[in-house]
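Step one of this worksheet: look at the structure below.
Numbering (the UniProt record's numbering), first residue to last: 1 to 346.
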C-alpha cells in the first residue's frame, strides 16, 4: 500500500513539474519587455534573468517542451499502477472477472489522470501566466534558465534540429520573443482601448498621429494661387504692412514668374536701420527654401525640414514644376491641432 501512495505522491509532484514548465513557457513569450527592462535597470536580478530568457526564447521553449514531454510520459507510468492497485479491492467486490476489472481500472485511471493533467498541469498555469505574465516571468524565469543551463548540450542539440526543420520550410527561426508592435497593431490597440473606455483620447492627438503617418505632402501643401506672397525686391516696410494686413509672420518671396525663391520672417528685418526700411531687404536676410516632392510622406518631409532648419518648403511634381508651398506650421497642426501664428490677427 505504501508503494501505491508513493505513486500518488509522485503523480502530484509530476503534475506540479508539468505546470511549472507550462507556466514558464507562456510567461516567457507573453511578458512585456517594456515592463521588465526598468526593473533590470534598477538592478533586480530576477528581471535581468527574465530579460535573458526572453532574448533566448527558442532555448527556453525547447527546455519547457522537454520538461513537459518527460513529465507527461512519467505521469501515466507512475499513476496507473498506483491507482489500479488502490481500485482492486472495491472493484473486486463487484464479482467481475479480473480482466474486466483491470480494464475498468485502466479507464478510470486514464480519465482521472487526463483530467488532472489538463486542468492542473496545463490550463491553470497557462491562464495564470497569461493573466500576470510580467510577475510570472520574474518568478519562473530563474529556475527555467538554471535547468536550461544544466541541460544546455541536450537542449542545444534539440533546438538546432528543430531550427533546421523550420528552415526547410523557408522560415527563419527567431531567438527573441516579439516585444514590439507595428503601426497597424498600435492603432488597433488604441482604437479598441478607446472603445472600451480604457483610453481617453479627448484631444484626438493619438488619432491624428496615426492619420499623420498615412498623409503625403500634397495633402496639406498650399497651392500657389492661395499663397500670400511678396516680390523678391520687397522692403522691410512692405513686409510690416503685409504683417499688419494678413497677420502672418513668414512670407514667401516670388520672382516675376511667381516662382518661390525664398522667404522672410518678420524678425529678420528688425535689425535694419530706419534708413534701410524702404530699400529692398538684403539677400543675406532671405531664408532659403528646401524643395520636397509632392508625394513624399509627411513624416519624411517633417524630418527633412527639421534637419535643414527651415519652416517653409517648395513643393514640386514629377516634371520638377512648383505646385505649392509647405509650411512647417501646417505639418505640426496635423499632429497637435491648430497652431496660431503669434502675429496673426484673431
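Even glycine gets a Cβ: it sits at the ideal position worked out from N, Cα and C. In this text the structure is predicted, and so the values were computed from the model without any measurement.
Proximity to residue i [Cα-Cα], best of the options
i           : options               : result
residue 249 : 266, 260 and 262      : 266
residue 8   : 79, 66 and 73         : 79
residue 293 : 108, 216, 28 and 33   : 216
residue 29  : 54, 139 and 256       : 54
residue 116 : 222, 13 and 49        : 13
residue 133 : 301, 234 and 22       : 22
residue 141 : 326, 51 and 257       : 51
residue 121 : 105, 75 and 166       : 75
residue 82  : 105, 252 and 147      : 105
residue 6   : 86, 47 and 164        : 86
residue 162 : 61, 10 and 26         : 61
residue 298 : 285, 327 and 31       : 327
residue 39  : 230, 137 and 232      : 137
residue 111 : 84, 99, 88 and 225    : 84
residue 290 : 280, 301 and 73       : 301
residue 57  : 31, 284, 71 and 108   : 31
residue 223 : 270, 316, 307 and 284 : 316
residue 131 : 88, 26 and 158        : 26
residue 240 : 146, 272, 221 and 68  : 272
residue 274 : 228, 236 and 71       : 236
residue 256 : 242, 234, 270 and 243 : 234
residue 247 : 228, 100 and 259      : 228
residue 254 : 286, 93 and 154       : 286
Buried versus exposed, by CB contacts within 10 Å (16 or more), residue i
i           : result
residue 309 : exposed
residue 282 : exposed
residue 129 : buried
residue 114 : exposed
residue 152 : exposed
residue 170 : exposed
residue 320 : exposed
residue 45  : exposed
residue 123 : exposed
residue 64  : buried
residue 314 : buried
residue 332 : exposed
residue 164 : exposed
residue 350 : Because the chain is modelled from 1 through 346, residue 350 falls outside the range shown and cannot be assessed.
residue 127 : exposed
residue 397 : Past the edges of the chain, shown from 1 to 346, lies residue 397, and the structure says nothing about it.
residue 268 : buried
residue 15  : buried
residue 89  : exposed
residue 347 : Residue numbering for the chain in the displayed model covers 1 to 346; residue 347 lies beyond these limits and cannot be assessed.
For residue i, the three-state DSSP class (helix, strand or coil)
i           : result
residue 90  : helix
residue 265 : strand
residue 13  : helix
residue 215 : coil
residue 110 : helix
residue 116 : helix
residue 140 : helix
residue 222 : strand
residue 280 : strand
residue 270 : coil
residue 31  : coil
residue 102 : helix
residue 240 : helix
residue 257 : coil
residue 158 : helix
residue 121 : helix
Sheet register partners of residue i (DSSP bridge)
i           : result
residue 151 : Answer is none; residue 151 lacks a bridge partner.
residue 170 : Bridge partners of residue 170: none, in fact.
residue 251 : 264
residue 229 : 252
residue 81  : Residue 81 is not bridged to any residue.
residue 129 : Note: residue 129 sits in no beta bridge, so no partner.
residue 235 : 280
Residue-chain proximity (residue i, chain B), Cβ-Cβ < 8 Å
i           : result
residue 297 : Protein chain content of the structure displayed is limited to a single chain, and chain B is not contained in it.
> Curious, which full-length alpha helix (DSSP H) runs of at least 4 residues does the UniProt domain "CBS" (285–342) contain?
Replying inline: List check, alpha helix (DSSP H) in window: 298–308 and 328–336.
>> So within the region 33–64, which uninterrupted alpha helix (DSSP H) runs reach at least 4 residues, ignoring any that extend past its ends?
In response: Listed in chain order, they are 33–41 and 45–55.
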